[in-house]
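For the sequence shown, our numbering begins at 987 and goes up steadily by one.
From the three backbone atoms N, C-alpha and C, an ideal C-beta is built for every residue, glycine too.
Here's the structure, in structure tokens; my notes come after.
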Amino acid sequence: MHTLAEIELATGQTFPALYHRLDAEDRLSWGATHPQWAQVCLPELQPVPPILLYAQDYEPLERGELLEAWQELTAEDHYNPLREDLQLLPFARTGAGDSYCFWTNAPGCDEPPVLLVWHDDDRADVLARNLQDFLFRKMVEAVADYEAPYTLLSHGDLADNLQRWLGSHRAWLRDDQATALEALFARSAEIEQGEIDEDQAQALVQQMIGFERLDESFAYVR
């Protein structure tokens, strides 16, 4: 298994400082694969949830997968060959196989924005200005249109899951982001009834992490 430093050397790119911190704290992994992961592995993770455990449509890449994911994305014979002016580092994926990537050479940015790169379309979406804002966004969106049993949040007591999730992530967020999530997660009864809709969630996202390029889409194929 490669270290982050070795992956950075191989790719010529740098992971954000927060990602290095999460790696050093062993908070990036969801544990081993298992045919009954939700029944066997999830209960071991719930007391101190790792990165975005309850996020919708998010699966972290294990450290041993990072370099391979980058090699696949940048392969010359890739069916969607990457533009030469884009430098991307994949770090997670959706259930459909799309990639969450750090855009490491984004012009005018001190930290790499987070993109969703679609595997079956020439489209990359700007989801957040940086990893910290991405964590906040995914935590807000996780409670929008809540519907059990189609979310990991419904495994166990919802209010308890939300508080443990915020507790494990608080140190990685800005104070105002943590405060906003405290207020949102305190509405667990409304969340459980599906009364927090997507429009409310996106309004909070725009209020807290809005910037000029948020939700912009652009072509990434060469």
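Q: Identify every run of the beta strand (DSSP E) within the segment 1073 to 1141, keeping only runs that are complete inside it and at least 3 residues long; order them along the chain.
A: 1074 to 1079, 1085 to 1089, 1100 to 1103 and 1110 to 1114
**Q.** Exposure label - GLN1073; buried when at least 16 CB within 10 Å
**A.** Within the sequence shown, numbered from 1, the residue matching residue 1073 stands at position 87. When all chains shown are included, GLN1073 counts as buried.
Q | Own chain, CB closer than 6 Å to ASN1091, minus 5 neighbours either side, in chain order | A | Stepping through the sequence shown from its first residue, residue 1091 is reached at position 105. Only GLN1073 meet the Cβ criterion.
Q | Classification of ARG1079 by the beta-carbon crowding that lies within 10 angstroms, buried from 16 upward | A | Position 93 of the sequence shown, counted from the start, is the residue given in the question as residue 1079. Classification of ARG1079: buried, given that the 10 Å Cβ count is 16 or more.
Q. Exposed or buried, which one is ARG1123 when buried takes at least 16 other CB atoms within 10 Å?
A. Here residue 1123 is taken as the residue at index 137 of the sequence shown, counted from 1. Label assigned to ARG1123: buried.
Q. Anyone know if the C-beta pair for VAL1100 and LEU1075 falls short of 8 Å?
A. Residue numbering aside, residue 1100 sits at position 114 when the sequence shown is read from its first letter. Residue numbering aside, residue 1075 sits at position 89 when the sequence shown is read from its first letter. Taking 8 Å as the Cβ cut-off, VAL1100 and LEU1075 do not qualify as a contacting pair.
Q) My guess is that LEU1028 and LEU1138 are in contact by the Cβ rule of under 8 Å, so how many angstroms apart are they, rounded? A) As a first step, residue 1028 is located in the sequence shown; it is residue number 42 there, counting from the start. As a first step, residue 1138 is located in the sequence shown; it is residue number 152 there, counting from the start. With a Cβ gap of about 7 Å, LEU1028 and LEU1138 count as contacting.
Q: Let me know if PRO1033 comes out buried or exposed under the rule of 16 or more other beta-carbons within 10 Å of its beta-carbon.
A: Your numbering for residue 1033 matches position 47 in the sequence shown. Exposed is the call here.
Q | Delimiting residues of the alpha helix (DSSP H) encompassing MET1194 | A | Stepping through the sequence shown from its first residue, residue 1194 is reached at position 208. Following the DSSP letters along the chain, one finds MET1194 inside the alpha helix (DSSP H) bounded by residues 1184 to 1195.
(Q) Taking only three categories from DSSP, how would you classify LEU1200? (A) Mapped onto the sequence shown, residue 1200 falls at position 214. LEU1200: coil per DSSP, three-state reduction.
Q: For ARG1160, I'd like the list of residues in its chain whose CB is within less than 7 Å of its CB, leaving aside the five on either flank, ordered along the chain.
A: Within the sequence shown, numbered from 1, the residue matching residue 1160 stands at position 174. If we look at ARG1160 and ignore the five residues flanking it on each side, its Cβ neighbours are GLN1118.
Q. Tell me, which residues are paired with PRO1046 by DSSP?
A. In the sequence shown, residue 1046 corresponds to position 60, counting from 1. In the DSSP output, where bridge partners are listed per residue, PRO1046 has ALA1078.
Q | Cβ neighbour criterion (16 or more within 10 Å) applied to ALA1187 | A | Along the sequence shown, one-based indexing puts residue 1187 at 201. A buried status is given to ALA1187, since no fewer than 16 other beta-carbon atoms sit within 10 Å of its beta-carbon.
Q | Buried/exposed call for PHE1077, threshold 16 Cβ in 10 Å | A | The sequence position of residue 1077 within the sequence shown is 91, counting from 1. Buried, because 16 or more other Cβ atoms sit within 10 Å of the Cβ of PHE1077.
Q) Identify the residues that DSSP records as bridge partners of VAL1207: which are they? A) As a first step, residue 1207 must be located in the sequence shown, where it is residue number 221. Answer by DSSP bridge pairing, in chain order: LEU1068.
Q) Considering only C-alpha positions, which residue in the set LEU1014, LEU1068, GLU1058 and GLN1025 is nearest to PRO1046? A) In the sequence shown, residue 1046 corresponds to position 60, counting from 1. Comparing Cα positions, the closest option is LEU1014.
Q: Classify SER1015 as helix, strand or coil using the three-state DSSP reduction.
A: The residue given as residue 1015 occupies position 29 in the sequence shown. Coil at SER1015, not helix or strand.
(Q) Suppose the cutoff is 7 Å on Cβ atoms and the five residues either side in sequence are ignored; what does the same chain contact list for PHE1120 look like? (A) Your numbering for residue 1120 matches position 134 in the sequence shown. Excluding five sequence positions before and after PHE1120, the CB atoms of its chain that fall closer than 7 Å to its own CB belong to VAL1100, LEU1113 and ALA1114, given in chain order.
Q) Should GLN1057 be labelled buried (16 or more other beta-carbon atoms within 10 Å of its own) or exposed? A) Here the question's residue 1057 lines up with position 71 in the sequence shown. It is exposed - the Cβ of GLN1057 has fewer than 16 other Cβ atoms within 10 Å.
Q: Tell me whether the beta-carbon of LEU1102 lies closer than 8 Å to the beta-carbon of ASP1111.
A: Here residue 1102 refers to the residue found at position 116 when the sequence shown is read from its first residue. Here residue 1111 refers to the residue found at position 125 when the sequence shown is read from its first residue. It is a contact, given that the beta carbons lie within the stated cut-off.
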